[in-house]
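Residue numbers (our numbering): 22 to 484.
And the structure:
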C-alpha cells in the first residue's frame with residue numbers, strides 16, 4: 022500500500038475484502054516479526070559458539086531487561102496505533118497527528134529514565150534478575166552497551182506501530198529487514214574477527230536499531246505518510262497518554278509479565294541448577310518466540326482493519342476479519358508445534374554441543390511447547406480487544422496467560438520437581454489461561470452478533 026495515495030489507502034482499509042487485505046497487511050508484519058525472532062535466535066547461536074554457554078546464560082539474564090524495553094515501546098506504539106486507526110477511520114487527522122507527536126515525546130521521556138537507571142544501577146539490577154557469579158560479567162557487558170541504544174530501539178518499535186496503523190506495513194517491514202541484515206552481518210564480525218565479546222554483540226544491536234529508525238523517520242517526513250511528525254504536536258497531553266496507556270495496557274502487561282516471569286524463572290533455575298538451566302531457558306524461550314512473533318505480526322496486520330471498522334461501526338467487517346485472524350493464527354501455531362516436534366533435537370544442537378544441552382534440551386523444548394497449538398488463539402484474542410478499544414479485557418487475557426496461573430505454579434511445582442517444575446508449569450498455565458481466553462472471546466463474539474443483528478433490524482447498511 023506504500024505507493025497509493027492517502028485517500029486510496031484509507032479507502033482500502035475501509036472497503037477491501039478482509040481476506041485479501043489481511044494478507045496484504047498481515048504478511049509484511051508477520052515477516053517483520055519473523056525476521057526479528059530469527060535475528061534473536063541467530064544472535065544467540067553466534068554468542069553460544071563464540072563465547073560458550075556462560076555467555077548464553079548472561080544473555081538470558083539480560084532478557085528481562087530487554088522485555089521491559091520492549092514492553093514500554095510496544096505499549097506506547099500499540100496504544101497509539103489503535104487511537105490513530107480509529108481517528109483516521111473518522112477522518113480526524115489532527116487528532117491522529119497529536120497522538121503521533123505524543124508517542125514520540127513519551128518514548129523519549131522513558132528512554133532517558135531507563136538510561137539513568139541503567140548507568141547507575143546495572144549490576145544490582147542484574148543481581149535481582151538472577152545473575153550468578155559465573156555469568157554476571159557477561160550479562161553486565163552486554164547490558165551496559167544495550168542501554169545506550171534503547172532510545173533508537175524503542176522509537177523504531179513504537180513508530181512502526183503507527184506506520185502500520187495508517188495501513189503502510191511495507192515501511193515497517195523494510196525497517197525490520199534493514200536492522201536484521203545489519204545485525205546478522207555485524208554480530209559475527211564483531212565476535213569472531215574483532216573479538217569484542219559481549220560488548221561487540223550488543224554494539225551490533227545498537228547500530229542495527231539506529232538504521233531501523235532512520236528508515237521509519239525517512240518515511241514519516243515524506244509526502245507518502247498520512248501523518249506528519251510536528252513539533253507543535255509533541256507537547257505532552259496527559260489525556261492522550263491515558264488513552265494510550267489503557268489501550269496499550271495489554272501489551273505492556275504481556276511483556277512486563279514476561280519480564281517478571283523471566284526474573285522468577287532465572288532465580289529459580291539458578292537456585293536448582295545454576296547457569297546451565299538459565300541458558301537453557303533463554304534458548305527455549307527464543308525458539309518459542311520464533312513461533313510467537315509471526316502471530317504478533319498477524320495481530321498487527323489485523324488491528325488497522327478492525328480499528329477502521331470500529332470507527333465506521335461496520336460490525337460485519339469486524340466479525341469477518343476476526344474470524345479469519347483466529348483461523349490463520351491457529352494454523353500457524355499448529356504448524357509451528359509440528360516443526361518443533363519433528364526437529365526438536367536438531368534445533369537444540371544449533372546452539373552448542375555440550376553433553377547436558379544434547380541430553381536434556383530436546384525434552385525441555387517439547388514440554389515447554391505442549392500447548393503451542395493454542396498460542397495463536399490467545400495472542401489474537403488480546404489484539405482483538407485492543408483493536409476494539411477495550412483495554413481491560415485485553416489486559417485480563419494477557420494476565421491470565423503469563424502471571425495469574427504461571428507464577429503460582431512456578432512457585433509450587435519446583436518444591437516437588439525442582440528445576441523440572443519450571444518446565445511443567447509452562448504448559449499447565451497455558452492450558453488454564455486458554456480456558457479463560459476462550460470464554461472471553463465467546464462472550465465478545467456474542468456481543469458483536471447482537472450489534473450486527475440490531476444494525477440489520479434498523480436497516481443500517483455497512484457494506
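Where is the CB? At the ideal position from N, CA and C, for every residue including glycine.
**OP:** Out of 116, 359 and 324, point me to the one whose CA is closest to residue 260's CA.
**Re:** 116
Subject >> From 78, 107, 76 and 404, residue whose alpha carbon lies closest to that of residue 274 >> reply: 404
Subject >> At least 3 beta-carbon pairs within less than 8 angstroms: the region 418-426 vs the region 335-350 >> reply: no
**OP:** Please name the residue in 108, 258 and 319 whose C-alpha comes closest to that of residue 39.
**Re:** 319
**OP:** Check whether the region 102-111 touches the region 158-170, taking contact to mean three or more Cβ pairs, one atom from each stretch, closer than 8 angstroms.
**Re:** Using a C-beta cut-off of 8 angstroms, the region 102-111 makes no contact with the region 158-170, since fewer than three inter-stretch Cβ pairs fall below that distance.
**OP:** For residue 359, count neighbouring C-beta atoms within 10 Å of its own C-beta (all shown protein chains included) and say buried if the count is 16 or more, exposed if not.
**Re:** The residue is exposed, with fewer than 16 neighbouring Cβ atoms inside 10 Å.
Original post:
residue 81: which of 301, 127, 170 and 396 sits nearest, CA to CA?
Top reply: Checking every option, the nearest Cα to that of residue 81 belongs to 301.
Subject >> Proximity of residue 84 and residue 306 at Cβ, strictly below 9 angstroms >> reply: yes
**OP:** Kindly give me the distance between the Cβ atoms of residue 134 and residue 326, rounded to whole angstroms, as I take these residues to be in contact under 8 angstroms.
**Re:** Between residue 326 and residue 134 the Cβ distance is about 34 angstroms, and since that is not below 8 angstroms, they are no contact.
Subject >> Pair within 9 angstroms by beta-carbon distance, residue 237 and residue 177 >> reply: Note that the C-beta distance between residue 237 and residue 177 is below 9 angstroms.
Original post:
How about residue 435 and residue 289: are their beta carbons less than 9 angstroms apart?
Top reply: yes
Original post:
Among residues of its own chain, excluding the 5 on either side of residue 420, which ones have a beta-carbon nearer than 8 angstroms to its beta-carbon?
Top reply: 274 and 278
Original post:
What three-state label does DSSP hand residue 334 in the structure shown?
Top reply: Of the three classes helix, strand and coil, the one that applies to residue 334 here is coil, per DSSP.
**OP:** Please name the residue in 36, 334, 477 and 158 whose C-alpha comes closest to that of residue 79.
**Re:** 158
Subject >> Start-to-end residues for the alpha helix (DSSP H) that takes in residue 57 >> reply: 39-72
**OP:** Keeping to the same chain, check which residues put their C-beta closer than 6 angstroms to that of residue 173; ignore five residues upstream and five downstream.
**Re:** 230, 231 and 234
Subject >> Contacts around residue 402, its chain only, beta-carbon distance under 6 angstroms, and the 5 residues preceding and following it disregarded >> reply: The answer, listed in chain order, is 418, 458 and 462.
**OP:** Over the uninterrupted alpha helix (DSSP H) stretch that includes residue 499, give me the two end residues.
**Re:** An answer regarding residue 499 cannot be provided, because it is not within the stretch 22 to 484 covered by the chain.
**OP:** State buried or exposed for residue 468, treating a residue as buried only when at least 16 other CB atoms are found within 10 Å of its CB.
**Re:** exposed
Subject >> When 477, 440 and 394 are compared against residue 452, the one with the closest alpha-carbon >> reply: Taking the Cα of residue 452 as reference, the smallest distance to any Cα among 477, 440 and 394 is reached at 394.
Original post:
With a Cβ-Cβ cutoff of 9 angstroms, do residue 120 and residue 130 count as a contact?
Top reply: no
**OP:** Could you work out which residue in 433, 431, 480 and 422 is closest to residue 456 when comparing CA atoms only?
**Re:** 422
**OP:** Taking residue 210 as the reference, give the member of 224, 197 and 198 with the closest Cα.
**Re:** 224
**OP:** Enumerate, from N- to C-terminal direction, the unbroken alpha helix (DSSP H) stretches of 4 or more residues contained entirely within the region 240-284.
**Re:** 259-268
Original post:
Taking buried to mean at least 16 other C-beta atoms within 10 Å of its own C-beta, is residue 264 buried or exposed?
Top reply: buried
Original post:
Do the CB positions of residue 57 and residue 201 come within less than 9 angstroms of each other?
Top reply: yes
Original post:
Under 9 angstroms between the Cβ atoms of residue 269 and residue 53?
Top reply: no
Original post:
DSSP on residue 152, reduced to helix/strand/coil?
Top reply: DSSP, reduced to helix, strand and coil, places residue 152 outside both helices and strands of the structure shown, so it counts as coil.
Original post:
Nearest-angstrom Cα distance between residue 213 and residue 226?
Top reply: So the alpha carbons of these two residues sit roughly 16 angstroms apart.
Original post:
When the Cα of residue 384 is compared with those of 330, 441 and 286, which residue comes out closest?
Top reply: 441
Original post:
From residue 271 to residue 179, what does the alpha carbon distance come to, in whole angstroms?
Top reply: 15 angstroms
**OP:** Check the C-beta distance from residue 128 over to residue 97 and give it rounded, since I have them as a contact under 8 angstroms.
**Re:** 6 angstroms
**OP:** Kindly examine the ligand COA and report whether one of its heavy atoms sits closer than 8 angstroms to the Cβ of residue 197.
**Re:** For the ligand COA, the structure offers nothing, since it holds no ligand at all.
**OP:** Using beta-carbon positions only, say whether residue 153 and residue 296 come within less than 9 angstroms of one another.
**Re:** yes
Original post:
Taking Cβ positions, are residue 398 and residue 465 nearer each other than 9 angstroms?
Top reply: No, these two residues do not count as a Cβ contact at 9 angstroms.
Original post:
Among 285, 303 and 400, which one has its Cα closest to the Cα of residue 323?
Top reply: For residue 323, the closest of 285, 303 and 400 by C-alpha to C-alpha distance is 400.
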